[in-house]
Structures are given as C-alpha cells and as structure tokens.
Amino acid sequence: MTWLVPLPVVIPLAGAGLAVALGRRSQLQRTVSVLSLTAVLAASLTMLFTVDNGPLVVQVGDWPAPIGISLVADRLSALMLVISSAVTLCVLLFALAQDLALGDPDSPVAIFHPTYLVLTAGVAISFLAGDLFNLYVGFEVLLAASYVLITLGGTRARIRAGTIYVIMAIASSTIFLLAVALTYSATGTVNMAQLAGRLAEIDPGIRLTLQMLLLVAFAVKAAIFPLSAWLPDSYPTAPAPVTAVFAGLLTKVGIYAMLRIQTLLFGEGPADTILMWAALATMLVGILGAVAQSDLKRLLSFTLVSHIGLMVFGIALSSEAGLAGAIFYVLHHITVQTSLFLVAGLIERREGTTSLNRLGGLARSAPLLAALFLIPAFNLSGIPPLSGFLGKLGLLQAGVQASTPLAYVLVGGSLLTSLLTLYVFVKAWNKAFWQPAVEPTSATRLPAGMIGTASALVVLGFVLTLAAGPLFDYATEAARDLHARTPYIEAILGAVR
Amino acid sequence: MLQLLIAHLAAALAAPALVRWLGRRAFLLLAAVPAASAVWALTETGSVLDGAESIIRIPWVAALDLDLVFRVDALSWLLVLMVGGIGSGVLIYSSRYFSSRSTDLGRFAAVFVGFAGAMLGLVTSENLVQLYIFWELTTVFSYLLIGHYSDRVTSRRAAMKAILVTTLGGLAMLAGIVVLGQEAGTYELSSILANPPVGTATATAIALILVGAVSKSALIPFHFWLPAAMAAPTPVSAYLHAAAMVKAGVYLVARLAPGFSTLPIWQAIIGVLALLTIVHGGVRALRQSDLKLILAFSTVSQLGMLILLVGSPFQAGALAGMALLGAHALFKACLFLVVGIVDATTGTRDLNLLSGIGRRMPVTAVIGALGVASMIGVAPFAGYVAKEAALEAIIDGQAALAPFGMPILVIFALGSALTIAYGLRFWWGAFATKRGVTASLEVVRPPLLLVAPPMAMALAGIATALLPGLGETLLTPHAGSYPLGEPGHLAIWTGFTPAFLVTLGAFAVGGTVFLARRHLSRMAFPWPEQWDGDRIYRNTLRRVDQAAAAITTVVQRGSLPFYLGVLFLVAIVGAAPGLFRSTVGANLWFGTDLIVIAASVAIVAATVLVVRARRRVKAVVLAGITGYSTALIFLIYGAPDLALTQVLVETVTLVVFMLVLRRLPVYFSDRPLAASRWVRLSIASMLGLLVAALAVIVPQSRVHDPISDRIPTAAVELGGGKNVVNVILVDTRAWDTLGEISVLLAAATGVASLIFLRHRSTERPRPGSLEDVKATLGAAEPDPIGNLRQPRSADAPTRKANWLVAGMTLAPHRRSVILEVAVRFLYHTMIVFAVFLLVSGHNAPGGGFVAGLVVGIAITARYLAGGRYELSAAAPLQPAFLLGMGLFIAGSTALASMIFGGEILESAILHWTMPVFGEIKLVTSLFFDIGVFMVVIGLLLDILRSLGAELDHQGDVLDEDGEPVRQALEPAGTIERREP
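Here it is, written out as structure tokens:
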C-alpha cells in the first residue's frame, strides 16, 4: 500500500497545476479542487487503517535511505492527514458556497483554487516528511500559499496584517533553514531516522543548540509565547475560510513538527522544562489576550494561541500519556477552532460585523447560528462530554502522573485557562447572542452551503467525542510509537543497517 | 436506566418542535419523561432495598479509564425519585406558568428536559469522571436557564455568575478527581470507597473535590450566585435552585462521606463552611423583601444544614441529612411554585406590596402554609421528622464531636430558629393582610395545573412524615455505610427528649424574632462587606479584565520590529547556552583564496551599506552585490551550477525590484523607531555573532561521514547523470523540487492576486461576494497590437520598419533603438541556449530551473525594450497555462513512474538509436525538468505581466500625482487603430 503515501501531496499539486491552467473556467476548477481533496481524504483514511500494522515508507525515486528522501506515514502522520484533509475539504466547500473562489477575472492567474490546493499539499508534505530538509520544504510550500491567501482581496488591513505575517514567517523559516544546515554540518545527514541515531552521538551542547534553534523556528509557526504575537495581528483580517483553515491547521503543523523532533530526534532533556514554562505562559497570556478583545475574530485568534499551550504541555511532559493527550488535543483543536472561525464567518456574512459591541440578540434572531457557535465554544472551553474535555482530561491525567511540582503547576494553569476560556465565551455569548443589539442590523440570508459545511464541522466535533474511545486508543498507540522511536527508525533504516 | 437517559436526550431534542406544534401544552407531554424516571425508581425500590444494585457499563474511552457506568443504590434511588418527581411536577406547572405568547419556550423546554437528564445521569454515575461530565452539564444548562430572560441585564449577569462560580469549583473538583483516580488506581466510586487511598495527595484531592461540592451547593464563600440566579423563571428556581442542581453538591458529599469523612481536612472544610452558611443564609433571609430571595437565602442556609449532616462521619447524622434532603426538596420546590403563583397572579413578589392575598387565594395560601410548616419543622411534616432526627444525632454525638459538639448544636439550633422566623415572615409577607398596604392588586384565579404540582408536593411532605418507618428502611442502607455510630431512627414522636426541648427553644426564639421583625430590619447587618462573596467576585472579574488589558497592551504591540526583536532575542537566548556548554573547538581558518576573501569583504561591506541606505534603489543594488558575491564564492568552491543559478536569480530579483520601485517613494520613510535603534542594533549584532559562531563551531562536532560522499557515484548509477546538482534537483531530491515549484506557482498567483485588484480605496462591505468582485473590476483593455500580429495585414510596411513588434507603441522619447536592436538579435539565441541548458543539464551545468530563468530573462529584455505590448507579442502563451501545465507535468511524471511499477519519481534511463542523431540516452527525469522549466518561465512571465505591464497600465489609468503620465506612456501612433 505504499503507493498511497505520496498521493496526499501529488494529487493536490497536479490539481493545482490543472486549476491554474484551466484559468477562468471556474466550474471546472471547482470540480478539480473538490475531487482532489476528496481523493486525498480517501487516501488518508485508507492509510489510517493500513499504518496500524506498521509505518508505510516510500523512498522517493527509489533512492535508498539515507541518500534519497524518505516519506513516512506512521500513525501520527496518518491521523494528522485524515483530520487535515477532512477539515480542508469542509472549508473548501464553505469557501465555494461563499463565492470566495470567483476571484478576479482580470488577473492572469486563477488564485484561490490553486493556492488552496498548494496549501494542502504543503501541509501533507510536512506530515509525511522523513527528512528534515523536506520538512522545511513542506513548511515553505504551505507558507508560500498562505502568504497569498492571507492577503486575498488586498484590502489595506489585509496587506498590513500580511506584512507582519509574511516577515515573521520568513524570519522563522530562515532560522529553520539555518538549523537544518547546521544539523547537516554536525551530523552529515538530514534523514530523520539517521539523525535519531547520529544526534545522540555528537556533543550534547551542540545538540541542545540545534534543538533550541529548531524549537524556536517551530514555536513561531505554532504561535508559542513569546513568539505568538504575530498571530492575532494577522489571522483575523483574512477572509473567514482562510482564517479558519489557518487557525485550524497551520499552527498544528508547527505542533506536529515539535512532536516529531522532540520524540524522534532529541528525546527527553532540559528543553522539556523550557517548553513547560513556555506552555504555561502561552496558555495564560493567550487567554488573557482573549479576555481583552471585543471583536469575535480577534478573540478567537487569542484562544487559538492559548490552547496551543495545552498541546505544548503534553509534548513537554514527553511521557506516553502526555504525547497521547497532545495528539488527541490536536485533533480536537483543529476541528473546533476551524468550526469557530467558520461560524465567525457566518456571523460576519449575516450581520456585516464581528464586533461584539455591535452584534446582539442573535440567539433569538438566528437560533441555528447560535447553536453552531455555542457548541464549539463550549467544546473549546473544555465542557464535558465534548472532545475538548476529553483531550484536557488526557493531559491532566498525564500531568498528575508525572507528579513533578512543575507538572502540577501546569495542571493548575490548564484548569485556569479552561475557566478563563469559558469566561471569554460566556461574555461573548452574553453580548452577541443574548443582549439585544444596540442598533438593529440588516441581516443577510446565509447560503445553505455555508451553514451546511459549518454544521458538518461541528458534527465532526461530536464524532470526535463519540469515537473518542478508538481515537484515543489510536493516539495512545501513536504516542507509544513516538516514545519508542524504533518502529519509525526501523521502518526507514531497517534494511540499510 | 439507559433508556431513561436516551429518552431525556430525545425529548430535549424534540422539545423545540413540540413547542412549536403544541405551544405551552408541550410541557405536559415532556413532563412524562422525568415522571418516567420517578416511576422507574419506584419499581426499583425492592431491589435497592435488597442491595441488589443494577450496574450498566458502556465502554467509552478506555485510554482515559472512562467507561460510562451507571449504578443505583439507596442514595441514588432517593435522588432519582426527587429529580424525576419534582421535575415532572415543575414541567406540568410550567405549562400554565408561562404565557402562551411567551418567546423562546422551545429552547427553554429543551434545556429544562436536558437538565433533568443530566441530573439523572449525575446521581447514577459510578465513575467519578462521568459524574463530573453530568455535573458540568447541569452547570451549562443552568446557565442557559438562568439567562432565559436574555433581554434583562440582571439575567445575563446572574447566568454568567452562576456558570463561572460553579465551573471554578467544578474545575477544582476535576483536578481532585484526577488526583484521586491516580491515587486509587480507578475512578469507580464503589472501588474507591471500598478501599479509600490515604496520604497527602488524597487529602488534597478530597479538598479540591469539596471545593466543587460547596460551590455547587452555594456554601460560603460561593453562596452569592444562588440569590442572583433568582433572575431565572420561577420553575427554574424551584427545580434547579431548590430541588435538584444545588443538591448535587450535597449528593457528592453524601457519596464520598463513607470513605473520607474522617479526614481532618474534610471535617474542617465541611464544618466551618456549613456552619457559617447556616447562620449567614438565615440572617440574610430574614432581611429580604422579595419572596423569592427569602427562599433563595433560606436554601443557602439549609444547604449548609444538609451538608453539615450528610458530611458528618456519623450514621445518625447521615440518616437525618438524607431525610432532610428529601423533605427540603419537597417543601422548597413547593414554596417556589407558590411564589410563582403569587407573582404570576399579582404581578409582584415584594412583600411590602402584597396584602390580603391569602383571602383571595385561599388554596394557594393553604399550600404555602403546608410548605412553610414543613420548612420550619412542625409535626407532622417531613421537615419536622428530619430536623428532630438531626438534633438527636448532634446531641447524641456530643461526646464524639468534642470540643466542637456544643458550638455545632448551638448553631444548628440557631439555624432552626432563624428558619422559623423567616418561614413565618415568608407566609406573612405573601398572604397576610397588612395594615397600611392597599390590597387593591388585581388577582386572577390560578388555574388548576398551576396549583396541583405544589399541592402534591406539600401533601407528599405530610405523607412521608406519616410513614417514618418506611423512610428509615429506605435510607438506612446508605446511612449505614458511614464510618461512625449507629443509624438512629426517624420518628414523629420520640418523647420529651433533649432534642424536643431544643426544638421548643428554637420555636420560642424564632417566634420572637418574627414578632420583632420591624426592629430587626433596622439593625445593622454584621457581615463585613469586604468578605462579601459577590463583591469579591466582581472585583476579581474587574482585576482579570484590567490585567488582561495591561498584559495584552505590552505583549500585543502590533509592531513588526518589536516582534522580530523578540524572535531574534529568543533565538539567541535559546541557542547560546548549548554553544557555551559544548566542548567542541572552533575552526577559524578560512583559507587563503584571495577571491573568496574579497567576495566576503564585499558581502560584509554591502550589507552594512544596505542597512544605512536611504534610497530604495541603492539598497536593492547593494543587496544584489551580496548575491553576486555569493555566486562568486560558489564558483570558487567548484559549484558552477549553483553559481549560475545564483547569478540568474539575482538578476531576475533585481529586475523585479526595479519594476516595483517605480511605484514606491524614492526614499525609505523617516525613521520613526530612532529611539529603539541601539536596542535593535545590538540584537542584530548579537544574532550575527551567534550565527557566525555557529558556523565555525558546529561543523567541528561532526563525528560521522556525510551522506554526500555517496552521492556522486549514486548519481551516475541511479540517476544516470554526471551533474550531481542536477541529479539531486530532478531525481534524488525531486520531491523537494516538486514542492519548490509549487512555491513558485503560489508566488505567481500571489503577485497576480495583489496587482490585479484595483479600486481598493474603500473596504469591501461583504468580502468575497460576487457583486463586490464585479464592482472592483476595471474595464478590460482592448489589445492594441492585436492587428499587428496579423502577418499579412494592411500595415505590413509599418511593421517592417520596427525592430521589435511593439516598439512603436512606446512614446518616442522612451524608445531606445540600440536596445531594440540588441534584443532583436539576442532573443532567439537565448531561447536556443535555454533549450540547450535544459536538455544537457543532466550531465553538464544547466537544468530546467536555469533554463527557465534564461528564457525569463530573454522575455524580460524584450519587455524592457518594447514595453508591455511587446511582452504580449513575445509570449503568446498565458503565464497561467505555463505555470499550471508545468506543475501538472511534474506531478504527472511523479505519478507515471508509479503507474509503471516503480516508486514515485523513480527515473528510468532509456537508450535508443535514431537515424540522424545516432545513439540517444534519455533519462525520464527530463520530463520532470521540463515541468520545472515551464513553471519558472510561467512565474517570470506572470511577474512581468503583473509588476511590469499591469503597473504600466495602472500608471496610465490612475495618474496619481496629476502629472501627464498618460501621455508619456500612451502608445504612440496606434491610437487610431485601437478601435475596431
């Protein structure tokens, strides 16, 4: 079944090529995009079941590892691919319903579809990379596409936000590239499985330096305090589906990269303590940021940052339980954060604003919208029995299991974050949904497709809850693989050694 | 059991539709669901008494030890009966309480039934985490119910207060549960209680769980949310805030007490908070004028009593507590419903405005009297039986309680006395005829369905009291599981015991207080204001808001230089310690090659000058110098491919910059960041030093052979090429290349996306809607050289006179004949050269990327010489087509090799002989390279179209500075021919 592995990358890329070449035949473009992403979802789902028997490895071009590039789909990669392709497909359908994809007939290149497909391909490259430099390429691909999407429409606000976004991303990519180059110069390889062995054998000081540089680069992508401030300044201005997919996915690619390198390349060490503190600061500073907002989209961006801290907490625990909790929380967070941003998009479309001071009375005037907001909002706040609670429970259990003073502090911090998240959403709900509007807004009818796709994501959140048993088992297995490292390494280098 | 929960869920989901269909009558239908719970509990009575507990287990999240397990024992049985019975009564009541025209009833009904279901789940949960799940669900539903009148600010605030306070406790409880589960190795209550863990961790866990219980049951210091929650509709107050939800805390305490009530921390928390709450609630109840608030504070006080009793380690206390639990649910729900009737029929709940109601509504008054009688403990009511048993238990336990026995007895008796006082005052306030108060209020006769539920509850209060033996039999199984003493008895008459004397004393005191109510209301309230929970809550929220604003202002500056500075600082601080800890030396020997040294110096000098440059053009050119110098270094170190690529990329970059700079101000803006200049300079210098140090130190740590040693041989064997760089690009790491060309595609779309949007001065109201997109479009421009392209047009002579097709479209003073001639001669040579580079790339320097750049530069030259119409002539293909097909070809090549049975992107080496060319060797990676070639050309073409031609065009149209740009850029001599 190894032929499945490259598909999540190659299909969208070929699709992107076609979409560009098709130019302005938008009906065809839509078909190409939807078909591509559906195919990717199908391939990812098949892989999810296949890799339960062991990682799938592809040596690109049949160049043996470690010379060529290894693509690896293990449990973690497969899980990430499934959730990301499901979410990107939903958001694509949402965007289609929103007419965002129409673009500008004057432009010599069709914009939305190809860029979006390139973005998904970049995400897939990152999840499948068994090669540190290829991971960098994956980041570049998704970032380049994201630069285009975040400035879509080119309003003044978007250009300004895009400037911060692009330059921060490029700066962090430079640090990433520097780290890759230094890693190669220190070990003579960029194959991750080989790095796992070689890094253990070089000078520990140098190893720590390389680790910290990589972590700094990923921390920017994942928006970890103090490297998180760019996110709330740039995400909210983009079109709703773009923000939704960015918020859901892109930060998680950073988290994924951290999960991978922390477990495979470096293992437990002093960096864990640093990550613990960073996680705590991310949670608290992030959620306090959300408390201070009066615009729904900005508020959501801050909650996004805040809850990244929870995942970092799980990574920093570096125990099986912690990693499993982090992995499950990633699945949950991708889904719920994307749904919330889509709902924010619905609100913006309906009312023409997302300012909490101008919105009002939506619970009565738009009950369905209210439910679509409230359920993921409670989910994100960790209200049981929704998936956010289960993820949080996993992390709390892992923290208590670790039973170090710092872990207890983090447990307390996570709970405080939950409470403040609830405060934030209750405040938003009181203002936008219960309190009558100051001045009546002229509501627009929402296209059924937009509501349908947003609902589908909310339902996906329920599915995560209902299927939490097998999913958490799977995440635990994935965490066990990460922790053990050998399944991954042997799958790539087994034949070589 | 499970069916009941599903029925609640289904009913909740169906409720909005039912209400839409049946109106408020839907409540009657919905009432059947909680009634079913009560009936089910009754049918289970026998098996519960036998101790034959039914357990249902549904596997859920095994990894978290979270299975759904339901178990009904004597304690659960009591609560199921309460939750179901009173729930159905209140739902029946609701069918008349709400006006048939009231809004949001569907939502209300759904949430109410959902709440009943959550409560049912809570009291039957065997797994502690599962219990927490239902616990939080009741909190959430309570939030939605308290905020029912969402137009009112008091409702919204009260709802928020309730959810925040109870969730605060809930989260503490969750932490406690997780720690307890870790200590005990299970979350299942019966296992934990059968074998309770000990130790500091357990004690902490129990304390945290108790925080949850007391916050839910509104004990001091969390009590303040409950009176505020009276903003909810009265049925909600009756059910959630008297009978059901606030009892969750009592339930949990009763549940855990058999295992943990002997812990000192347990006794300290329960004892202190319960006693304080009894007095505080009682005193506050006396001072309210709103009937509902009297009941709310009364509930607070009595929750204190309940928790004191069920939280004691004594079996007798537990029995009394459980009896009082049942009695309280009955009389308090009844009294709330009575207040609801008074409120609904008279329009007020203020006892200063009500007068003579008892005469006009005798039935309601009688029900109220029955409820109050049970509350204040008059025989033969359930409240009396329970309270006597409680006093008995406290008096009998004096020896074991010492030295706290006497204070507890006194406070409990005081609580009883206060209950009597405010109970009498409540009835007097609601129904009595008062002097000086006009009884002119309009009174409507309450409908039967409004009166029946409280009546039933009041009668149930008598019925249960008349059968104390039955109650004792039913409640003793749980009470008997407590660690100390004997269960004791429930009885209507026990003789002139000390307990009875205390009761008499309480009546005397309470009656006196009631009679002296006028004087009391003028007395100062002894509660220190800063201890007021409500005040603390408001202050905390305000401080959180302030802190949030303060921190966010510092962190979230919106300043890119600040963010970059932080990023670089973090990188420095992160990377430096490892470097200092390493034992690897540095290699400071750079070699003696003069060219390398010169190039390095040039790079450093240019970099410094770039930073100092004020003119944009100067900065761009200097930045170019660093690139060209780097190319030189590549060349010296034997990498002609890299050098060639670097030179071409640098050139293209320069051209692109120049195209863009036409539309930017000449100088960089004044430096507004002068203040932080030195900080930024030092961060930058430190970062530079760090990177330099890394570059000289890190390579020294290598102890392995690099994989690059194996690539040259592998390139020939596997990749069929001698040019290692090209083989790496199109074969070894073709996967990277595939990614990178998609970056080019994204970049091309990005440039086009930004440049081809015009008229953006105003923000779009609805981003992305079709109308807007149409509105922002400029008119399409006719093609002025369309007819020039016709080979045999009437204008052929004109065309011959030009070196370049579109040269004449430029204004005369912009044309350069020399440039036109040079381009005319060079263009085709460059194209041929590019094709050569493409084909030969596998063995010699070259390749698709470089070849594409060469074509791009050739086209650029034609554009620069002939203007934007020349560009159209030079590249008849759309950039989109090139970009798209390029990526598509590259991607398809990748897939094709899989279809032929190889790995993805695996190349094959084909040999065959052709008549003229002789032996031909073709490596299939060439097709991939062609894809790369096309994408690169497409990108450059796209950039020229966007940043070149389109900016020219916008310059024509926009004419921003009011200068005669239009004339200068206007195609000369073709204007007449433009119109068809």
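Line by line, the protein sequences give chains L and Y.
Sequential numbering of the first sequence, starting at 313, is according to my numbering.
Sequential numbering of the second sequence, starting at 218, is according to my numbering.
Glycine included, each C-beta is placed from N, C-alpha and C at the ideal position.
1. By the 10 Å Cβ neighbour count, where 16 or more other Cβ atoms means buried, how is Y:LEU962 classified, buried or exposed?
2. Taking a contact to mean a Cβ-Cβ separation below 8 Å, would you say Y:ALA1198 touches Y:TYR754 in this structure?
3. With 16 as the cutoff for other CB atoms within 10 Å, does Y:ILE1106 come out buried or exposed?
4. I need the boundaries of the beta strand (DSSP E) containing Y:VAL278, first residue and last residue.
5. May I have a chain-ordered list of the beta strand (DSSP E) segments no shorter than 3 residues that lie completely inside the stretch 532-582 of chain L?
6. Report the rounded CA-to-CA distance for Y:PRO233 versus L:ALA678, giving the unit in angstroms.
7. Evaluate the contact criterion for the stretch 1117-1133 of chain Y versus the stretch 1061-1078 of chain Y: three or more CB pairs, one atom per stretch, below 8 Å.
8. With three or more C-beta pairs closer than 8 Å as the rule, is the stretch 581-589 of chain Y touching the stretch 611-618 of chain Y?
9. Measuring CA to CA, which of Y:LEU554, Y:LEU849, Y:GLU261 is closest to Y:THR451?
10. Relative to the C-alpha of L:SER458, which candidate in L:ALA473, L:LEU778, L:ARG468 has its C-alpha closest?
11. Got a sec? Which residues, its chain only, sit under 7 Å from L:ALA469 by beta carbon, not counting five neighbours each side?
12. So, at 8 Å on beta carbons, what are the nonlocal neighbours of L:TYR448 in its own chain, with the 5 sequence-adjacent residues on each side left out?
13. Please identify, using Cβ separations under 8 Å, the residues of the stretch 676-701 of chain L that lie next to chain Y, in order along the chain.
14. Alpha carbon to alpha carbon, how far is L:VAL478 from L:GLY806? Give it in angstroms, no decimals.
15. Residues of chain Y with CB closer than 7 Å to the CB of L:GLY626, please, in chain order.
16. Where does Y:GLN519 sit, in a helix, a strand or coil, going by DSSP?
17. Using only the alpha-carbon positions, how far apart do Y:ILE628 and Y:ASP749 sit?
18. Considering only residues of the same chain and omitting the five flanking positions on each side of Y:PHE1050, which have a CB-CB separation below 8 Å?
19. Is there contact between the stretch 421-441 of chain L and the stretch 510-524 of chain L, where contact requires at least three CB pairs shorter than 8 Å?
20. Compute the Euclidean distance between the alpha carbons of L:GLU580 and L:LEU587, then round it to the nearest angstrom.
21. Return yes when the Cβ of L:VAL399 is within less than 8 Å of the Cβ of L:ALA385, no when it is not.
22. What are the residues of the stretch 895-924 of chain Y that lie near chain L, defined by any Cβ-Cβ distance shorter than 9 Å?
23. Judging by CA-CA distance, which residue of L:THR666, L:HIS644, L:VAL738 is the nearest neighbour of L:LEU778?
24. Answer yes or no: do Y:TRP952 and Y:LEU1156 have a C-beta to C-beta separation smaller than 8 Å?
25. Just reading off the beta strand (DSSP E) that L:LEU635 is part of, what are its end residues?
26. DSSP three-state label for L:GLU802, please.
27. Quick check: the stretch 635-642 of chain L against the stretch 780-792 of chain L, are there 3 or more CB pairs under 8 Å?
28. Just the C-alpha distance for L:TYR735 and L:ILE801, rounded to the nearest angstrom, thanks.
29. Would L:ARG809 count as contacting chain Y if we go by Cβ distances under 8 Å?
30. Using beta-carbon positions only, say whether L:LEU527 and L:MET480 come within less than 8 Å of one another.
31. Pull up the DSSP beta-bridge partners for Y:VAL1140, would you.
32. Would you list, in chain order, the members of the stretch 748-763 of chain Y that have their beta-carbon closer than 7 Å to a beta-carbon of chain L?
33. Quick one: does Y:ARG237 have its CB under 8 Å from some CB of chain L?
34. Using a cut-off of 8 Å between C-beta atoms, extract the partners of L:ARG757 located in chain Y.
35. Could one say the Cβ of Y:ILE380 lies closer than 8 Å to chain L's Cβ atoms, at least one of them?
36. Just to make sure I have the definition right: I need the residues of chain Y whose C-beta is within less than 7 Å of the C-beta of L:GLY781. Which are they?
By the coordinates alone:
1. Y:LEU962 comes out buried.
2. Coverage of chain Y is limited to positions 218 through 1197, which leaves residue 1198 of chain Y absent and any answer about it impossible.
3. buried
4. Per DSSP, the continuous beta strand (DSSP E) segment holding Y:VAL278 begins and ends at 272-278.
5. none
6. Straight-line measurement puts the Cα of L:ALA678 at about 14 Å from the Cα of Y:PRO233.
7. no
8. Contact fails: fewer than three Cβ-Cβ distances are below 8 Å.
9. Y:LEU554
10. L:ALA473
11. THR549
12. SER485, PHE488, LEU489, VAL492
13. ARG676, PRO679, PHE690, ILE695, PRO696, PRO697, PHE701
14. Distance between L:GLY806 and L:VAL478, taken at the CA atoms: about 40 Å.
15. Listed along the chain, the chain Y residues whose CB falls inside 7 Å of the CB of L:GLY626 amount to none; the nearest CB is some 13 Å away.
16. Residue state, collapsed to three classes: helix.
17. Taking the straight line from one Cα to the other gives about 21 Å.
18. VAL1071
19. no
20. Distance between the alpha carbons of L:GLU580 and L:LEU587: 11 Å.
21. no
22. VAL908, LEU911, ALA912, ILE914, VAL915, PRO916, GLN917, SER918, ARG919, VAL920, HIS921, ASP922, PRO923, ILE924
23. L:HIS644
24. Taking 8 Å as the Cβ cut-off, Y:TRP952 and Y:LEU1156 do not qualify as a contacting pair.
25. No beta strand (DSSP E) contains L:LEU635, which is instead part of the alpha helix (DSSP H) from 632-663.
26. If DSSP states are grouped into helix, strand and coil, L:GLU802 belongs with the helices.
27. Three or more beta-carbon pairs drawn from the stretch 635-642 of chain L and the stretch 780-792 of chain L are found closer than 8 Å, and the two stretches are therefore classed as touching.
28. 45 Å
29. Any reading at L:ARG809 must be qualified, since the residue scores a pLDDT of 41, below 50, and its modelled position is unreliable; the value itself is stated next. With 8 Å as the cut-off, L:ARG809 does not count as an interface residue toward chain Y.
30. no
31. Y:VAL1140 is bridged to Y:ILE1126.
32. Within the stretch 748-763 of chain Y, the residues whose Cβ lies closer than 7 Å to some Cβ of chain L are VAL761, ASP762, listed in chain order.
33. no
34. The contacting residues do not exist; L:ARG757 stays about 12 Å from chain Y at best.
35. yes
36. PRO276, TRP277, VAL278, ALA279
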